[in-house]
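Input: a single structure, listed below in structure tokens.
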Amino acid sequence: MKRVFKRKILPLAVVTTLALTTLTVSSTASATWGGGKKNKTGVKNMIMIVADGAGQPYYTAYRYMKDDPSTEDLEPTIFDDYFVGMQTVYSHDHEENIPDSAATATAMASGIKTYNNAIGVDEEGNPVKTVLEQAKEDGLATGLVATSRINHATPAAYVAKNEHRGNYDEIANDFYDNMINGQHAVDVILGGGEQYFKREDRDLTAEFVKDGFGYVTTRSQLLQDQSNQILGLFGKDLSKAIDRHEEEPSLLEMTKESIERLSKSDDGFYLMIESSQIDWAGHDNDIVAAMSEMEEYATMFEYVIDWAKQDGETLVVATADHSTGGLSIGSGGPYLFDGNIIEKFKHTPDYMASLIADGASVEDTLKANIDFEISPEEIQAVKDAGSDRKAIDNAIEAIANERVRSGWTTSGHTGEEVPVFAFGPQSERFRGMIDNTLHADITFDILAKNSKGKKRKWDWKRWWE
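Read left to right, the sequence shown gives residues -31 to -1, 1 to 434 (mature numbering (1 follows the signal peptide of the UniProt record, and there is no 0)).
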């Protein structure tokens, strides 16, 4: 089906009036939030965590990696106590029945199934309302955090409307242009993607600053900034967790900074956090990067759960949009999976491949970044890859996969159900086998009950002609 979309162009006078109104309201909003109210559901705050690409095998591999080899049993992980069920992930695509992140994020954010690549629109291209937008309409503070570019598929689907996830400039525009009750739809925006927000044709960073947002591009700036509303863009995409340099914030730090700001709202907040690059590691069939990202996700998850326990009014839900790579726990022979090998890598194969492709010694690079003895055959395999960065990366990944005995079936997504974890008031509603649209259905219901049945109006025509 061919989909045709046209942007609505407002008259200049209207645009000018809206811009002036926005400046006034946003500046006020950045100083204080709401007057507070008692919630009927017991839920004041909602934190949605999306571990992109992390199907069940990733949690099993993580368990093996964290295992204490001196004991007979595999030790529990931080996730175990909060496992409540599984969810389906299929999209409503006319050609593919395995989903992408755009379709699944749209489903989880809006409760509407759609086609692969769709950002915040249904199968016919009509914009759909998201839980984040509803939360903002109801007076909650809102936030989006990702370790990818922030206008990537998953975070984008909560705030943008576009026929294709690859239209990064248009999607970045929506982060600024999506106004709800005269305010920006998102109060805290942290991730990568600076090149899409700071362009020759439009500097969105300057527009956000003019509206009272703090703007930061480094870890130290983020930790020092005192703005309630903030735009943080840390390069194109953040590095893998194990490779991140000192001026790139961790997912934990971005989460802490987000909650610190959003929790100032007396009316509560809605925060979506994406651990983005588990998926990218799966696409690359890179067990080292995958578990590095799982470790960062686990650290963030533990912090969020602890914060929610202390708060008492926060619902936390964590899941994946789909699984990636067809990861298997065991491959090619003996019934073995040596997860402890993974932690002997100081950096990802990608990181080492870049050094070698730029002229660094193969032997020196491998020995400096891997804490086990590399065989002459493994060294030679990397040398045989020549100077091509991707070929070098594949050769180093092969070392890791063979040592660990991790298997992969694809460089794409897989369609199996993925685990769901939940904690806090209303968390029991996510138990069992659910569809991914239920995330939005339950969230909309919580918001509706908290708003005491207040009638809501969704003016989708404001998006398109």
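All C-beta atoms in this analysis are idealised placements derived from N, C-alpha and C, irrespective of residue type, glycine included. Bear in mind the structure is a predicted one, so any value in this text is a computation, not a measurement.
> Rounded to a whole number of angstroms, what is the C-alpha to C-alpha distance between I211 and G22?
Replying inline: For the purposes of this step, residue 211 is taken as the residue at position 242 of the sequence shown. For the purposes of this step, residue 22 is taken as the residue at position 53 of the sequence shown. Their Cα atoms are separated by approximately 18 Å.
> Span of the alpha helix (DSSP H) holding T29?
Replying inline: Working through the sequence shown from its first residue, we reach residue 29 at position 60. Counted as a single uninterrupted DSSP element, the alpha helix (DSSP H) harbouring T29 occupies residues Q25 to K35.
>> Distance cutoff 8 Å, beta carbons only. Does S189 sit that close to anything in chain C?
In response: Of the chains in the structure shown, none is chain C; there is only one protein chain.
>> Which residues does DSSP list as the beta-bridge partners of V90?
In response: The count along the sequence shown starts at 1 and reaches residue 90 at position 121. V90 is bridged to P96.
> For A154, does the three-state DSSP call read helix, strand or coil?
Replying inline: Taking the sequence shown and counting its residues from 1, one reaches residue 154 at position 185. Reduced to three states, the DSSP call for A154 is coil.
> In its own chain, which residues sit with a C-beta less than 8 Å from the C-beta of V128, not counting the 5 before and 5 after it?
Replying inline: Here residue 128 is taken as the residue at index 159 of the sequence shown, counted from 1. Hits under 8 Å: G89, T99, L101, E102, L113, D143, F144, N147, A154 and V155.
> Just reading off the beta strand (DSSP E) that A129 is part of, what are its end residues?
Replying inline: For the purposes of this step, residue 129 is taken as the residue at position 160 of the sequence shown. Annotation for A129: no beta strand (DSSP E) segment contains it, and DSSP assigns it neither H nor E.
> If we call anything under 8 Å between Cβ atoms a contact, is V389 one with I403?
Replying inline: Against the sequence shown, residue 389 aligns to sequence position 420. Against the sequence shown, residue 403 aligns to sequence position 434. In contact: V389 and I403 (Cβ atoms closer than 8 Å).
> To the nearest angstrom, how far is it from the Cα of Q190 to the Cα of L159?
Replying inline: For this step, residue 190 is matched to residue 221 along the sequence shown. For this step, residue 159 is matched to residue 190 along the sequence shown. Approximately 12 Å between the Cα atoms of the pair.
> How many Å lie between N85 and D62 at the Cα?
Replying inline: Within the sequence shown, residue 85 is the residue found at index 116, counting from 1. Within the sequence shown, residue 62 is the residue found at index 93, counting from 1. Near 6 Å, if we compare the C-alpha coordinates of D62 and N85.
> Quick one: Cα of T174 to Cα of Y137, how far?
Replying inline: Sequence index remark: in the sequence shown, residue 174 carries index 205 (1-based). Sequence index remark: in the sequence shown, residue 137 carries index 168 (1-based). Distance from the CA atom of T174 to the CA atom of Y137, rounded to whole angstroms, is 15 Å.
>> Tell me the DSSP secondary structure of Q56 in three-state form.
In response: As a first step, residue 56 is located in the sequence shown; it is residue number 87 there, counting from the start. If DSSP states are grouped into helix, strand and coil, Q56 belongs with the strands.
> For K418, which residues from the same chain have a beta carbon less than 7 Å from its beta carbon, with the 5 sequence-adjacent residues on both sides left out?
Replying inline: The residue you call residue 418 lines up with position 449 of the sequence shown. Same-chain partners within the cutoff: K9 and T10.
> Is it a yes or a no for the segment 317 to 330 touching the segment 375 to 387, going by three-plus beta-carbon pairs under 8 Å?
Replying inline: Contact between the segment 317 to 330 and the segment 375 to 387 is absent, with fewer than three C-beta pairs closer than 8 Å.
> What's the gap between the Cα of R358 and the Cα of Q164?
Replying inline: If you number the sequence shown from 1, residue 358 lands on position 389. If you number the sequence shown from 1, residue 164 lands on position 195. The straight-line gap from Cα to Cα measures roughly 24 Å.
>> Measuring CB atoms only, is the segment 178 to 190 touching the segment 250 to 263, in the sense that at least three cross pairs come out at less than 8 Å?
In response: Judged by Cβ distances under 8 Å, the segment 178 to 190 makes no contact with the segment 250 to 263, as fewer than three pairs qualify.
>> Our contact map puts A267 next to G24 with C-beta atoms below 8 Å; I'd like the distance itself, whole angstroms only.
In response: Locating residue 267 in the sequence shown gives position 298, where the first residue counts as 1. Locating residue 24 in the sequence shown gives position 55, where the first residue counts as 1. About 16 Å separates the two Cβ atoms, so there is no contact after all.
> Expressed to the nearest angstrom, what Euclidean distance is found between the alpha-carbon atoms of L43 and A30?
Replying inline: Sequence index remark: in the sequence shown, residue 43 carries index 74 (1-based). Sequence index remark: in the sequence shown, residue 30 carries index 61 (1-based). Taking the straight line joining both Cα atoms gives about 11 Å.
>> Can you list, in chain order, the residues of its chain with a C-beta nearer than 6 Å to that of T116? Leave out the 5 residues immediately preceding and following it.
In response: Working through the sequence shown from its first residue, we reach residue 116 at position 147. If the five residues before and after T116 are omitted, its C-beta is found closer than 6 Å to the C-beta atoms of L207, L220, S245 and Q246, all from its own chain and listed in chain order.
>> Output needed for S196: all residues of its chain with C-beta closer than 6 Å, excluding positions within five of it in sequence on either side, in chain order.
In response: Indexing the sequence shown from 1 puts residue 196 at position 227. Within the same chain, G183 come within 6 Å of S196 by CB-CB distance, once the 5 residues on both sides are set aside.
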